[in-house]
Structures are given as C-alpha cells and as structure tokens.
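Q: Residue numbers (my numbering): 1342 to 1536. The C-beta atom is built at its ideal place from N, Cα and C for all residues, glycine as well.
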C-alpha cells in the first residue's frame, strides 16, 4: 500500500484548525468570530504567491465575513525572502493597515528586489505607507524578529506546509496554485455551512 493517511470523519480538519487558532501570530483582517477562518502561509519572493494575491484579495473583499491571517513562510531557495518576512513582521507590528498595503507593494515590486538591494527597497516600501523607515529597518535586524519568523515557519511545518502559497480554510489545507476564485469560493461556502 502506497500513499498518505488522509484525515476522515465528520470533521477531519478540526485538529489542524484548533492548532492554527491557538498558534497563529500574523496580521489579521476580518472578524475574529467569523464562521470561516483562513490562514495563508506565504513567501513574499514567491512568484506563485504574487499570482495568487489578487484572487485571495477578491475572496476577502467579496466575502467580508472571513477571518484571514497571514503567516510568513519564506522558502530557503529564495535569497531575500527571509528579509522580506522580517520587514513584513515589523510593518505588521507597527500598523496592521500598513501591513496589507506593504505586502501588495512588495509583490508588485518583486522583480525589482534583489538580495543586494532588499534592505533599501523594503525600507522605502514601508515608509510609503506611513511606517517609520528607521524603526522598521532596526526592527527587521533584531534577533527576536528572526525568531518570530522562524516560529511562523515552524508552525507551517507542523501542519505540513511544504509549498507557498498554502491556505487553510477552517483547517482544511488548500493549495492556491491552479485554484481559481470560483473553486476557492465554493470551499469557503462549504466551510461556512459545515457545522
């Protein structure tokens, strides 16, 4: 017999949902009491994450009764992703509103950011959204910021994230690549009505 053990039963993803509910630490939007909770593990240097961002944004805009949490999951093969995650963490700690604008801007500027200019570009983008550039750069360089990003990575690994972007919709893992808006909307609608 070859294959993976797949969760089954009436509510097969409850354990994952409970774990995520307890351990997510990323910036959030939408009501915490919403019937649908989505956690995204993402890498700001990942081209697939950039491609998925408009679909996810549409899902959140058209379905405001979703609680959405962004978790950093920088992949080791991306040479400035960890730095991007550290800056995102610091921007999010400074301003939740600025965070969402910051990640959209990083995705838009993704091809212009390199390992060599990441500090400069990420600082400039943070400042664009009213966050003190010096404070964010200082925060991004602190060991505790890297520790928070590592904690997010470890959380992702604990729920078997191995690619980005990965969404968890009420604990159910959903790869976004290849899933269009209509498919994600159906999963969200099912989750909202699954008691």
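Alpha carbon to alpha carbon, how far is residue 1462 from residue 1356?
A: So the alpha carbons of these two residues sit roughly 40 Å apart.
Q: DSSP on residue 1419, reduced to helix/strand/coil?
A: In this structure, residue 1419 counts as coil in the three-state DSSP scheme.
Q: Rounded to the nearest angstrom, what separates residue 1465 and residue 1505 at their Cα positions?
A: Their Cα atoms are separated by approximately 25 Å.
Q: Measuring alpha carbon to alpha carbon, tell me which of 1372, 1378 and 1373 ends up nearest residue 1535.
A: Of the listed residues, the one whose Cα sits closest to residue 1535 is 1378.
Q: Give a yes or no on whether the minimum CB-CB distance between residue 1469 and chain E is below 8 Å.
A: In the displayed structure, chain E is absent; only one protein chain is listed.
Q: For residue 1427, which residues in the same chain have their Cβ closer than 7 Å to its Cβ, ignoring the five residues on either side in sequence?
A: Same-chain partners within the cutoff: 1481, 1486, 1487 and 1490.
Q: In or out: residue 1358 buried (at least 16 other Cβ within 10 Å) or exposed?
A: Buried is the call here.
Q: In this structure, does DSSP put residue 1473 in helix, strand or coil?
A: Residue state, collapsed to three classes: coil.
Q: Determine the burial state of residue 1405: buried for a count of at least 16 other Cβ atoms within 10 Å of its Cβ, exposed for fewer.
A: Result: exposed.
Q: For a test of the three-state rule: what should DSSP assign to residue 1360, helix, strand or coil?
A: Of the three classes helix, strand and coil, the one that applies to residue 1360 here is helix, per DSSP.
Q: If the criterion is Cβ atoms closer than 8 Å, does the pair residue 1443 and residue 1467 meet it?
A: Contact flag set, yes.
Q: Cβ of residue 1373 within 8 Å of Cβ of residue 1408?
A: Yes.
Q: Pick helix, strand or coil for residue 1533, following the three-state DSSP scheme.
A: Residue 1533 falls in the helix class under three-state DSSP.
Q: Give the range of the alpha helix (DSSP H) segment to which residue 1458 is assigned.
A: Run containing residue 1458: none; DSSP gives neither H nor E here.
Q: Comparing C-alpha positions only, which one of 1368, 1387 and 1391 sits nearest to residue 1380?
A: Of the candidates 1368, 1387 and 1391, the one whose C-alpha sits nearest the C-alpha of residue 1380 is 1368.
Q: So, for residue 1360: in the same chain, excluding its five sequence neighbours on each side, which residues have a beta-carbon less than 6 Å away from its beta-carbon?
A: Cβ within range, chain order: n/a, list empty.
Q: Is the CB-CB distance between residue 1386 and residue 1493 below 8 Å?
A: Contact: no.
Q: Among 1479, 1527 and 1533, whose alpha-carbon lies nearest the alpha-carbon of residue 1435?
A: The candidate whose alpha carbon is nearest that of residue 1435 is 1479.
Q: On the three-state DSSP scale, how would you describe residue 1447?
A: Looking at residue 1447 - three-state DSSP - the assignment turns out to be helix.
Q: What does the alpha-carbon distance come out to for the pair residue 1394 and residue 1473?
A: Each residue's Cα considered, the two are about 25 Å apart.
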